[in-house]
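>
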Amino acid sequence: MQDARENIISQVNIASQVYEDTFNIALSIQNLTISDPSCPSDAPSSMPWNLGCTANIDISGRLNLFSEWRRDQRDDNAAWSLLTTCRSGSTVGIAWIGSLCNRARGSSFRGGGSSAASANVVARTSAEWQVFAHELAHNFGASHDCTASTCGGSSDSASGDCCPLSRSTCDARDQYLMNPSSSPGLEEFSPCTVGTICTGMREEVVDASCLVSEDDVPDINDSQCGNGIVEPGETCDCGGEDGCPEDSCCNPSTCQLRRGAECDPTTDGCCTDQCQVAPSSRICRPSTGSCDPEETCDGSSSQCPVDEQNCNPDDENFGGRGGGSEGSWIDRNRTTVIAVSASVGGFIVLVLAACLLVSCMRRKRRKEAQSQRQRVNTGDEPPTPAVQPTAEVSQLPVSPRMVHRYA
Numbered sequence: 001m002q003d004a005r006e007n008i009i010s011q012v013n014i015a016s017q018v019y020e021d022t023f024n025i026a027l028s029i030q031n032l033t034i035s036d037p038s039c040p041s042d043a044p045s046s047m048p049w050n051l052g053c054t055a056n057i058d059i060s061g062r063l064n065l066f067s068e069w070r071r072d073q074r075d076d077n078a079a080w081s082l083l084t085t086c087r088s089g090s091t092v093g094i095a096w097i098g099s100l101c102n103r104a105r106g107s108s109f110r111g112g113g114s115s116a117a118s119a120n121v122v123a124r125t126s127a128e129w130q131v132f133a134h135e136l137a138h139n140f141g142a143s144h145d146c147t148a149s150t151c152g153g154s155s156d157s158a159s160g161d162c163c164p165l166s167r168s169t170c171d172a173r174d175q176y177l178m179n180p181s182s183s184p185g186l187e188e189f190s191p192c193t194v195g196t197i198c199t200g201m202r203e204e205v206v207d208a209s210c211l212v213s214e215d216d217v218p219d220i221n222d223s224q225c226g227n228g229i230v231e232p233g234e235t236c237d238c239g240g241e242d243g244c245p246e247d248s249c250c251n252p253s254t255c256q257l258r259r260g261a262e263c264d265p266t267t268d269g270c271c272t273d274q275c276q277v278a279p280s281s282r283i284c285r286p287s288t289g290s291c292d293p294e295e296t297c298d299g300s301s302s303q304c305p306v307d308e309q310n311c312n313p314d315d316e317n318f319g320g321r322g323g324g325s326e327g328s329w330i331d332r333n334r335t336t337v338i339a340v341s342a343s344v345g346g347f348i349v350l351v352l353a354a355c356l357l358v359s360c361m362r363r364k365r366r367k368e369a370q371s372q373r374q375r376v377n378t379g380d381e382p383p384t385p386a387v388q389p390t391a392e393v394s395q396l397p398v399s400p401r402m403v404h405r406y407a
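End of the sequence shown sits at 407 in the UniProt record's numbering; the numbers just go up one at a time, nothing left out.
1. Here's a check: name, in chain order, each residue in its chain whose Cβ is nearer than 6 Å to the Cβ of residue 314, leaving out the five neighbours to either side.
2. Kindly indicate the opening and closing residues of the beta strand (DSSP E) around residue 92.
3. Just to confirm, are residue 123 and residue 99 a CB contact at a threshold of 8 Å?
4. Quick check on residue 20: buried or exposed, where buried means 16 or more other Cβ atoms within 10 Å of its Cβ?
5. Using the beta-carbon count (16 or more within 10 Å), is residue 148 buried or exposed?
6. With DSSP as the reference, label residue 251 as helix, strand or coil.
7. Which class does residue 285 belong to by DSSP, given the choice of helix, strand or coil?
8. From this set, 70, 121, 172, which residue's C-alpha is nearest residue 91's C-alpha?
9. Determine the burial state of residue 171: buried for a count of at least 16 other Cβ atoms within 10 Å of its Cβ, exposed for fewer.
10. In the DSSP assignment, find the alpha helix (DSSP H) that holds residue 80 and state where it starts and stops.
11. What residue does the alpha helix (DSSP H) around residue 131 start on, and which one ends it?
12. Measuring alpha carbon to alpha carbon, tell me which of 288, 237, 252 ends up nearest residue 268.
13. Using the rule of at least 16 other Cβ atoms within 10 Å of the residue's Cβ for burial, across every protein chain shown, is residue 3 buried or exposed?
14. Pairing CB atoms from the region 122-136 with CB atoms from the region 5-20, are three or more of them under 8 Å?
15. Please state if the CB of residue 254 and the CB of residue 265 are separated by a distance shorter than 8 Å.
16. Whole-angstrom Cβ separation of residue 302 and residue 270, contact assumed at under 8 Å?
17. Which same chain residues end up closer than 8 Å to residue 275 when comparing Cβ atoms and leaving out the 5 residues on each side of it in sequence?
18. Sorted by chain position, which residues of the same chain lie with C-beta nearer than 7 Å to residue 101's C-beta, five sequence neighbours on each side aside?
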């Protein structure tokens with residue numbers, strides 16, 4: 001059970017690093033429940049989704065049962081994830097799109113129409129964190145990236161059910177996390193996905209009523225000095241004896257700053273090699289284009305300012321309702337938290353239940369943690385949505401729909 005607990009925390013932390021780098025939104029575990037590794041012959045009414053892999057139920061049916069169960073939970077969590085070792089053929093994930101914060105299946109969704117409880121199902125694979133990040137992004141309102149097969153005048157491209165590479169190029173070339181097929185090296189979201197999620201939250205197309213203060217939500221983690229993540233009780237974490245340079249500002253044994261050190265450059269973007277806060281003239285995040293101005297240190301904090309975006313990708317608003325800055329939305333809401341629950345189920349190994357929260361102001365994780373991300377091809381194929389959307393490319397659907405992920 002401890003191994004399963006550590007694995008879940010690890011997968012969430014890796015996915016969280018991507019969300020932090022992309023949206024300044026972090027994922028952390030609120031509570032974790034581990035139940036018996038063997039599935040009952042008949043699923044109890046308290047857990048109708050807890051059926052063995054040999055049961056006559058596919059991943060879509062499991063999501064429906066899980067959503068019905070989620071409806072009866074008395075909480076304000078943004079989403080629930082069922083992590084399972086049961087796979088339905090090639091399918092390794094399924095989610096309700098744009099259902100963030102929705103608690104009851106069949107209840108009214110913001111904007112009208114039918115809805116579904118915010119939930120997803122993720123099957124255990126060697127690319128677990130990628131599938132988890134992918135399905136959670138669906139709950140945030142993201143669609144799949146466009147591919148060569150969906151850009152040839154197909155219904156996906158024509159109806160706007162996929163995210164194009166740019167305003168002038170449809171095919172995203174299988175290089176981002178929301179690609180219908182997973183392959184080695186998919187470690188970031190496409191500009192279109194970023195525009196979709198940020199626009200949806202800013203324009204309130206996605207329900208964000210479950211946002212709460214980060215301080216109001218407890219956090220469970222495997223705090224461990226030397227893992228490269230600055231956790232509660234630590235002032236630094238340079239990665240242990242092997243990860244810390246000889247002249248490190250951080251004591252690798254205690255994860256505390258050395259005497260006289262104000263910060264640690266391995267985790268703080270505005271910290272000098274002399275362990276002092278960098279001057280305001282220092283560029284801590286270079287510009288990546290006309291929409292992304294460079295950020296400079298403010299001379300008083302060791303943290304680089306929030307990554308500001310002056311316009312959406314391709315200088316357009318993917319939601320089609322005005323411009324504005326993605327960074328400005330994040331900055332205005334950076335003291336809030338989205339509570340995200342994940343009930344983690346398994347058949348061969350364990351049945352787990354984990355409750356996640358998403359915070360706009362999460363402790364900074366070590367940048368080098370990105371190297372921990374697994375790079376495994378699960379060979380997905382483009383999905384068939386349960387409900388055809390009526391919205392444009394990143395206009396989030398009023399009625400959340402299921403999206404499959406295949407392996």
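Glycine included, each C-beta is placed from N, C-alpha and C at the ideal position. Everything numeric in this text was worked out from a predicted model, so none of it was measured.
In brief:
1. Here the model assigns residue 314 a pLDDT of 39, short of 50, so the residue's position is not dependable, and the following value carries that caveat. Excluding residues within five positions, the ones whose Cβ falls inside 6 Å are 166, 167.
2. 91-96
3. no
4. buried
5. exposed
6. Secondary structure at residue 251: strand, using DSSP grouped into helix, strand and coil.
7. strand
8. 121
9. buried
10. Unbroken run through residue 80 is the beta strand (DSSP E), 80-84; no alpha helix (DSSP H).
11. 128-139
12. 237
13. exposed
14. yes
15. no
16. 5 Å
17. 249, 257, 258, 260, 261, 262, 263, 264, 265
18. 78, 118, 207, 208, 209, 210
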